[in-house]
Amino acid sequence: MQALPPPPPAIEAPPPERSVSTVDEVRVAAALTDARVQVDSSFRGASIVLYGAVFNPSDVPADVVVVVRGPDAPVRLVKKTRNTGVWLNSRPVLFEGAPGFYMPASTRPLGDIAEFGQLRRLGVGLDHLRINAPEESRTVTRYGVKDVVVSRLGEDYLDWRRAVIRLREAAALYNSDPEGVDFVDEGLFRAEVELPTVAPTGKYFAEVWLFQEGEPVSVSNLTLTVEKVGLERDIFEFAHRRPWSYGVLCVVLAALTGWGASRVFRRG
Numbered sequence: 030m031q032a033l034p035p036p037p038p039a040i041e042a043p044p045p046e047r048s049v050s051t052v053d054e055v056r057v058a059a060a061l062t063d064a065r066v067q068v069d070s071s072f073r074g075a076s077i078v079l080y081g082a083v084f085n086p087s088d089v090p091a092d093v094v095v096v097v098r099g100p101d102a103p104v105r106l107v108k109k110t111r112n113t114g115v116w117l118n119s120r121p122v123l124f125e126g127a128p129g130f131y132m133p134a135s136t137r138p139l140g141d142i143a144e145f146g147q148l149r150r151l152g153v154g155l156d157h158l159r160i161n162a163p164e165e166s167r168t169v170t171r172y173g174v175k176d177v178v179v180s181r182l183g184e185d186y187l188d189w190r191r192a193v194i195r196l197r198e199a200a201a202l203y204n205s206d207p208e209g210v211d212f213v214d215e216g217l218f219r220a221e222v223e224l225p226t227v228a229p230t231g232k233y234f235a236e237v238w239l240f241q242e243g244e245p246v247s248v249s250n251l252t253l254t255v256e257k258v259g260l261e262r263d264i265f266e267f268a269h270r271r272p273w274s275y276g277v278l279c280v281v282l283a284a285l286t287g288w289g290a291s292r293v294f295r296r297g
């Protein structure tokens, strides 16, 4: 019986191709468990997980900062003032461009990750949140950044700005978590985004920053949509497409309801 020839030598498969940025650069990649939240009459808030990975070929430790910002909306404020013994409302102040939702979360306190000026330039953190002042008259430069601190409100601008943040915090629309980003494994992290019941509808933007030695080295941008569905969406769209018709309909329904209630109680 003739001996079989020896098997051919094994051929090693080439390694899978990897992008140069993955191999040589420090970068962050992130995603959301759900990029769309539907709001109906039973909506009681939502919890969304943001997760990702840090590619860090160096020995320098890195921090992750997550900033989720909701759609901007104007904020109208008044302040109680005492005039000749009577409390009256002050002249209304309208802030434009204040986010309807704002949540920064990080692996550790922001002050330990980067300097004040760096955070201010990026607008990261409640203390550095950009809110347009009404009727801005001029700007001044502090910490190497142009800050809008002078408007028709004068030196009271910062007090009004703090009031905007305080009201949104009370409604659970603004929240800061200095330890809200957890590394679950080497290079893998997660953070939870809690949307309250009163979360505004619209498009949300999430920024995932990667910091090394106080400097941002990479960022990943995500979008999240919060939208009304069902009857609530139909009513919302009708009110915005035909505001006059919606107003007349509300008045008619209120009048009919009042008339019907009076008839019922009169018979009783």
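Per this note's numbering, the sequence shown starts with residue 30, numbered consecutively. Positions of the beta carbon are idealized from the N, C-alpha and C atoms, including for glycine.
Reduced DSSP category for residue i - H, G, I as helix; E, B as strand; rest coil
{"i": "arginine 137", "result": "coil"}
{"i": "valine 281", "result": "helix"}
{"i": "aspartate 69", "result": "coil"}
{"i": "glutamate 198", "result": "helix"}
{"i": "aspartate 188", "result": "helix"}
{"i": "arginine 150", "result": "helix"}
{"i": "phenylalanine 240", "result": "strand"}
{"i": "threonine 286", "result": "helix"}
{"i": "leucine 79", "result": "strand"}
{"i": "aspartate 88", "result": "coil"}
{"i": "aspartate 63", "result": "coil"}
{"i": "valine 55", "result": "coil"}
{"i": "valine 104", "result": "strand"}
{"i": "leucine 158", "result": "coil"}
{"i": "glycine 99", "result": "coil"}
Euclidean distance between Cα positions of residue i and residue j
{"i": "lysine 257", "j": "aspartate 69", "result": "6 Å"}
{"i": "leucine 251", "j": "tyrosine 233", "result": "8 Å"}
{"i": "phenylalanine 145", "j": "proline 138", "result": "12 Å"}
{"i": "serine 249", "j": "threonine 226", "result": "27 Å"}
{"i": "alanine 199", "j": "leucine 151", "result": "25 Å"}
{"i": "glutamate 46", "j": "tyrosine 80", "result": "With a pLDDT of 49 at glutamate 46, under the threshold of 50, the modelled position of this residue cannot be trusted, and the question is left open."}
Cβ-Cβ separation, residue j to residue i (assumed contact under 8 Å), whole Å
{"i": "valine 66", "j": "asparagine 85", "result": "32 Å between Cβ atoms; not a contact."}
{"i": "leucine 158", "j": "tyrosine 186", "result": "Actually they are not in contact, since the Cβ atoms of leucine 158 and tyrosine 186 sit about 14 Å apart, beyond 8 Å."}
{"i": "valine 222", "j": "isoleucine 77", "result": "4 Å"}
One or two residues paired with residue i in a DSSP bridge
{"i": "phenylalanine 130", "result": "In the DSSP output, where bridge partners are listed per residue, phenylalanine 130 has none listed."}
{"i": "glutamate 215", "result": "DSSP output for glutamate 215 lists no bridge partner at all."}
{"i": "aspartate 206", "result": "Ala134"}
{"i": "proline 245", "result": "Phe240"}
{"i": "alanine 143", "result": "Per DSSP, none; premise fails for alanine 143."}
{"i": "leucine 224", "result": "Ala75"}
{"i": "glycine 231", "result": "Val255"}
{"i": "valine 93", "result": "Leu239"}
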